[in-house]
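Here is the structure we will look at.
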Amino acid sequence: MLRRTLMASAAALGAAGLLAVPGLAQAQTLTVWATDQLAQPLVAELWNKLKADFEAANPGVTVEYMPPTGTISNGAVQAAIQSNAGPDVLLTNSGIGRVSTVVNAKLIQPLTAHYSDMGWKDKIFPWLYDILSSQFGGEIYEVPDGIDAIGLWYHKDMFAEHGWSIGGSWADFEALLQKIKDAGLEPLAVGPRNGANGGHLMGNFLQAAAGSTVMGEVVSGKKAWTDPEPLLGAERVVDFARKGFISPQMAGLDQEGAMRMWINERAAIFFGGPWFIGNARAGEYPLDNMGFATIPSDIEGESKPTGGIGWSWMIPTSSKQPELAAKWIDFILSDEVMRYRAEHPTGNQISPREMPDIKPVVPVMVDVFAAAAKGVGYNPSVYVPGSATDTYFQVIQGLIGGQVSAADGMAQLQAKMPAP
Amino acid sequence: MTRLTTTADGADLRAPASARRRDGSRDGFGAAFVLMLPAIALYGLFSLTPILFTVWISFTNSGGFNTEASFVGLDNYLRAGDDPIVWQSLGRTFLWLGYHVVLAGGLGLVLALAVSRLSRTRVFFRTAFFLPHLVSLAVVGVIWANIYDPFYGLISTALTQIGLGSWNQGWLSDPLLVLFSVNVASSWQGFGLYMLLFIAGLQNIDQSLYEAAEIDGANSWQKLCNVTLPGLRDVMTFVISLAMINGLKGFATVFVMTNGGPFYASEIITTYIYRLAFQAQDHGLAAVLCILMSLLAIVITVAFNRWRARQAA
Amino acid sequence: MSRRKPSELPAVLMLLPVLVVIVGPFLWLIVSSLKTEREIGRGDPFSFPAQLMWQNYIDAWNIGNFGSLIGNSLINVLGVVTLTLLVCAPAGYALAKIRFPGREWVFYAFIFGLTIPVQAVIIPLYQLLSNLGMINSLWGVTLAQVSNGIPFGLFLMRSFFMGVPNELTEAAKIDGANHFQILTRVFLPLSQPAISALLIISALSTWNDFFLPLVMLISPGNQTLPLGLVRFASTYNTDFRLVFSGTVITFLPVIILYILTQRRFTEGLTQGALKG
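Chains as they are written, first to last, in my numbering: chain A, 2 to 421; chain B, 2 to 314; chain C, 7 to 282.
Printed below as a string of structure tokens:
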């Protein structure tokens with residue numbers, strides 16, 4: 002492994018005509034693909050601090066941030082890895098469907114060994130480790146950066162002014178959306194065009210209709226999408242679209258478009274995880290006004306956020322610095338970094354392991370932590386196998402746009418699920 | 002080099018004496034080869050070889066650039082046959098192509114006819130109408146996605162402002178409308194070139210034909226049908242073939258504006274190839290689509306030229 | 007033109023609405039790009055900004071790195087145009103004026119490429135450039151674009167050269183000129199229209215190309231303008247003022263250049279293209 006690294010660096014330097022420079026082992030660059038929002042001062046502050054700390058701990062190493070051009074879903078990660086200018090370590094949207102795409106194409110390295118030799122196994126929740134180690138016949142290819150908790154974001158002032166609140170039964174939820182619609186607002190904003198955000202809404206609807214035990218079986222193929230419980234979730238999406246609670250025009254909107262609707266208070270509710278705080282800040286929305294709630298459910302105790310491993314670190318097979326990359330991930334998993342990130346104003350995620358006494362800067366994060374404390378349901382986007390992800394996202398667009406019935410849509414999705 | 006000389010010699014032996022005399026030298030093949038070498042090298046390497054390799058990939062289970070592929074026979078072809086999206090995207094490609102020929106070609110023709118009648122303001126209109134063609138299709142996608150935005154777009158806000166809010170449509174979300182909407186954006190960019198070509202064609206029409214028609218007492222409509230349109234025959238052939246090839250290659254606007262959605266409603270063959278090859282990394286199936294697309298292009302070109310030749314005869 | 011009737015006012019009046027529809031998007035973008043985010047959020051397309059926000063352009067230019075994107079696009083266009091001329095002119099001459107066995111077949115092999123869209127060969131093309139170490143490099147994209155443009159360029163040059171009378175070739179040969187000298191001293195000076203057509207057409211298609219850069223160019227520092235703008239627009243999607251001013255930055259320079267040279271541009275484009 003070491004020899005390969007040295008040879009790779011030697012080849013790279015040789016190509017640049019620098020082979021004769023002494024001390025080439027010290028001068029190393031680690032190219033990190035993480036955030037595309039470095040133009041925002043707060044985001045830059047956080048990542049520059051990480052860079053400085055890592056460089057201080059590893060003399061001779063320079064960290065360079067490479068702005069992500071997209072995700073696995075739109076092929077940008079694959080393209081970057083295949084080029085000779087790809088990153089050494091990357092943070093991107095994950096979930097089994099997306100990760101299998103890059104694993105099958107042999108674009109990322111297994112990190113299984115580091116889970117024991119660097120102790121990563123004990124640096125994440127045991128249930129996260131169980132999920133990861135069951136996915137690729139024991140091999141693990143990713144390290145979760147955090148876990149998601151997708152719920153409903155609302156405007157505190159708007160809801161207080163009208164005396165609205167999210168809670169109670171599904172019928173109560175419908176009545177609330179009707180009131181919002183009557184007030185001339187878009188009740189639910191969703192942007193399914195680029196996939197993920199449609200999945201956030203759908204996952205919440207499925208959670209409310211089927212509960213997390215059933216959904217766990219559905220996403221792992223033990224139960225069919227066409228069974229009554231998940232089908233009810235899909236039927237409710239169609240029903241809400243027909244009633245105008247989800248405008249059918251939103252079928253052509255992307256996630257950013259839906260966020261804009263909410264940030265400009267033209268829509269009352271947006272489905273997303275705590276990362277949405279970052280977008281709201283970028284849109285100059287007053288963060289104190291953000292409220293977070295879980296989707297109402299008629300099933301006892303199932304009004305929960307959904308989530309899963311949706312945001313992970315990976316090391317490409319083309320990484321010129323695989324060992325330094327592992328060191329970087331280890332650094333990210335350290336107590337100091339995790340605490341710093343969680344308590345930073347951009348700290349809008351839930352750590353992948355128990356972090357006691359975190360004092361989040363953004364007040365609404367307290368509500369997010371409280372909601373997630375009862376457990377997090379399944380966001381199918383990050384659980385359904387690769388063969389079905391694209392169909393899953395397209396079917397959601399079809400349900401919202403009225404192109405496909407709930408039964409048809411679920412049948413098409415079921416057809417793409419591998420046999421259990 | 003040796004092989005080259007023998008070929009040249011052999012060729013010279015067979016070449017008719019008249020040809021040799023016309024060339025004035027024995028090195029016709031050699032000189033031609035040297036002059037064509039850069040073209041042959043580049044074209045052979047980056048265009049012809051990839052065509053052959055695409056055929057090979059279509060018979061393998063290649064799952065990405067880093068993977069080992071093995072021969073799987075007609076597997077991918079059978080999978081393509083079973084995939085409803087393949088057939089739907091083919092159909093949508095034809096629809097897309099038709100929209101483009103009619104919208105961009107038609108607008109180009111109509112505006113060329115109108116602009117050609119002008120004299121003092123002619124250059125102004127010709128220049129103004131050509132402006133959209135200078136914008137890259139990908140940028141056109143960004144612009145028109147904002148024009149069509151159902152809540153903030155130019156169309157929806159303008160309709161609401163003038164009290165016609167109810168006319169608003171889900172331009173990019175209505176499955177029956179989306180392909181047309183995106184094509185309008187694409188044709189807005191495309192028509193300018195066709196218009197310039199038609200204007201040039203109009204200038205080449207013999208003016209005496211119009212004078213003769215006037216003497217015969219023809220009205221404007223008759224002059225259009227009997228002089229102008231027949232006179233544009235060659236340009237029209239050129240423009241239609243160009244529009245069909247451009248239409249078949251349509252990618253950027255769809256990719257930027259809808260990414261093939263909603264629910265595959267605007268998926269055309271190029272966006273599906275991109276999805277399969279660079280997102281799903283299913284190279285075998287993508288290669289089958291590449292071959293289908295090439296065949297489609299060849300069939301369209303040959304069939305259209307045959308048809309025109311028969312019309313001419 | 008002398009036979010035109012005096013008044014063209016009715017025709018102009020009829021064309022004005024068309025003009026509004028076709029040029030409207032540009033005006034809307036330019037006006038919106040000078041508004042504040044709040045003014046844009048109001049959703050009133052017919053209003054003017056209270057104050058012209060030139061700052062939007064400064065911010066977009068800096069955040070989006072448009073200087074480097076424009077530079078890359080210019081290098082790309084220059085490379086493609088130069089190579090296309092260097093490659094297509096001699097080959098077009100050979101296929102038009104030199105008789106050799108199999109000439110038709112060579113010509114057909116090239117013309118075959120006119121019908122094969124670049125999307126249809128993208129997988130092996132990518133693999134090939136990757137093996138040559140040319141992924142993520144402007145050179146890789148440039149070579150692929152040149153190769154893709156060869157069938158058309160060659161067709162255009164050949165058609166034009168065929169129209170040059172053989173007597174000129176014969177006369178030069180009697181003076182002892184070889185093919186290369188005939189091409190450079192006799193044919194190229196004569197073929198201004200074809201050369202400008204090829205130049206304009208390949209420059210336009212390269213400047214506008216999206217597919218090959220999308221697939222090949224990864225690092226933001228190597229990307230071309232259309233790709234860079236799409237990336238910029240999706241990253242700063244909630245920041246309308248930046249998206250609008252960035253978009254204007256991508257097309258305004260070309261449009262100004264076109265308006266300044268429009269007469270020669272139009273002639274070059276149509277004369278040469280229709281000969282082909």
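We put the beta carbon where it would ideally sit given N, CA and C, even for glycine.
If I follow the unbroken alpha helix (DSSP H) through Ile316/A, where does it start and stop?
Neither: Ile316/A is in no alpha helix (DSSP H) and is coded neither H nor E.
Please list, in chain order, all residues of the same chain as Gly25/B whose beta carbon is under 8 Å from its beta carbon, the five residues on each side excluded.
Note that Gly25/B scores 42 on pLDDT, short of 50, meaning its location in the model is unreliable; the coordinates nonetheless yield the value given after this. So the list is empty, once near-sequence residues are dropped.
In chain order, what residues of the same chain have a beta carbon less than 7 Å from the beta carbon of Val257/B, not counting five sequence neighbours either side?
Ala139, Gly142, Val143, Ala146
Going by the CB atoms, is the gap between Pro151/B and Pro263/B shorter than 9 Å?
no
What residue range does the beta strand (DSSP E) around Gly292/A cover?
291 to 294
If you draw a straight line from the C-alpha of Glu301/A to the C-alpha of Val385/A, how long is it?
25 Å
Bridge partner(s) assigned by DSSP for Thr307/A:
Ile151/A, Gly378/A
Backbone secondary structure at Asp24/B - three-state DSSP:
At Asp24/B the pLDDT is 45, less than 50, meaning the model places this residue with poor confidence; the figure from the coordinates comes in the next sentence. In this structure, Asp24/B counts as helix in the three-state DSSP scheme.
Please state whether DSSP places Leu296/B in a helix, a strand or coil.
helix
DSSP state of Val215/A mapped onto helix, strand, coil
helix
In chain order, what residues of the same chain have a beta carbon less than 6 Å from the beta carbon of Gly119/C, not counting five sequence neighbours either side?
Pro157
Are the C-beta atoms of Tyr100/B and some chain C residue less than 9 Å apart?
no
Answer with yes or no whether the minimum CB distance from Thr241/C to chain A is below 9 Å.
yes
Using the Cα positions of Gln41/A and Thr42/C, report the straight-line distance between them to the nearest angstrom.
18 Å
Thinking just about the alpha-carbon of each residue, which of Pro231/A, Leu43/A, Thr72/A is nearest to the one in Val219/A?
Pro231/A
Suppose contacts are defined by Cβ-Cβ distances below 9 Å. Is Ala235/A in contact with Leu207/A by that definition?
yes
Going along chain A, which residues have a C-beta under 7 Å from Asn142/C?
The answer, in chain order, is Ser84, Asn85, Ala86.
Assess contact between the region 29 to 49 of chain C and the region 222 to 238 of chain C, defined as three or more Cβ pairs (one per stretch) separated by less than 8 Å. Is contact present?
no
Look at the alpha carbon of Ile274/B and the alpha carbon of Asp84/B, and state the distance between them as a whole number of angstroms.
13 Å
Is the distance from the Cβ of His201/A to the Cβ of Ile151/A below 9 Å?
yes
Partner residues on chain B for Leu275/C, Cβ-Cβ distance less than 7 Å:
Leu197
Arg151/C versus Ala97/C: straight-line alpha-carbon distance, rounded:
At residue 151/C the sequence reads Gln, which differs from the Arg that was named. Answer to the nearest angstrom: the Cα atoms are 17 Å apart.
According to DSSP, simplified to helix, strand and coil, what is Ala266/B?
coil
Helix, strand or coil: which one does DSSP assign to Phe52/C?
coil
Any idea what DSSP makes of Ala105/B, helix, strand or coil?
helix
Other residues of its chain near Ser137/B: CB distance less than 8 Å, five sequence neighbours each side excluded:
Ala253
Neighbouring residues, chain B, relative to Ala106/A (Cβ below 9 Å)
Gly64, Gly65, Phe66, Asn67, Thr68, Gln282
Quick one: residues in its chain with C-beta nearer than 7 Å to the C-beta of Ala20/B, no 5 flanking neighbours on either side, listed in chain order?
Any reading at Ala20/B must be qualified, since the residue scores a pLDDT of 43, below 50, and its modelled position is unreliable; no value is offered.
Within chain C, the residues that Ile52/B reaches when beta carbons sit closer than 9 Å:
Under the 9 Å cutoff, chain C gives Phe118, Gly119, Ile122, Ala126, Val127, Pro130.
Looking only at its own chain, which residues have a Cβ that is under 8 Å from the Cβ of Gly311/A, when we skip the five neighbours before and after it?
Once the five neighbours on either side are set aside, the close Cβ partners of Gly311/A are Asn94, Ser95, Gly96, Ile148, Asp149, Gly274, Asn380, Ser382, Val383.
Pick from Ile301/B, Ala287/B, Val185/B, Leu108/B: whose alpha carbon is nearest that of Tyr78/B?
Measuring from the Cα of Tyr78/B, the nearest candidate turns out to be Ala287/B.
Using the three-state DSSP reduction, which class does Val22/A fall into: helix, strand or coil?
Since pLDDT at Val22/A reaches only 41, below the 50 mark, its modelled position is unreliable, and no value is offered.
Rank Gly164/A, Gln179/A, Ala80/A, Glu266/A by C-alpha distance to the C-alpha of Thr102/A and give the top, closest one.
The candidate whose alpha carbon is nearest that of Thr102/A is Ala80/A.
Distance, Cα to Cα, Asp289/A vs Asn280/A?
14 Å
C-alpha gap between Pro127/A and Val144/A, whole angstroms
13 Å
With distances taken from CA atoms, which of Val179/B, Asn260/B, Val289/B is nearest Val127/C?
Val289/B
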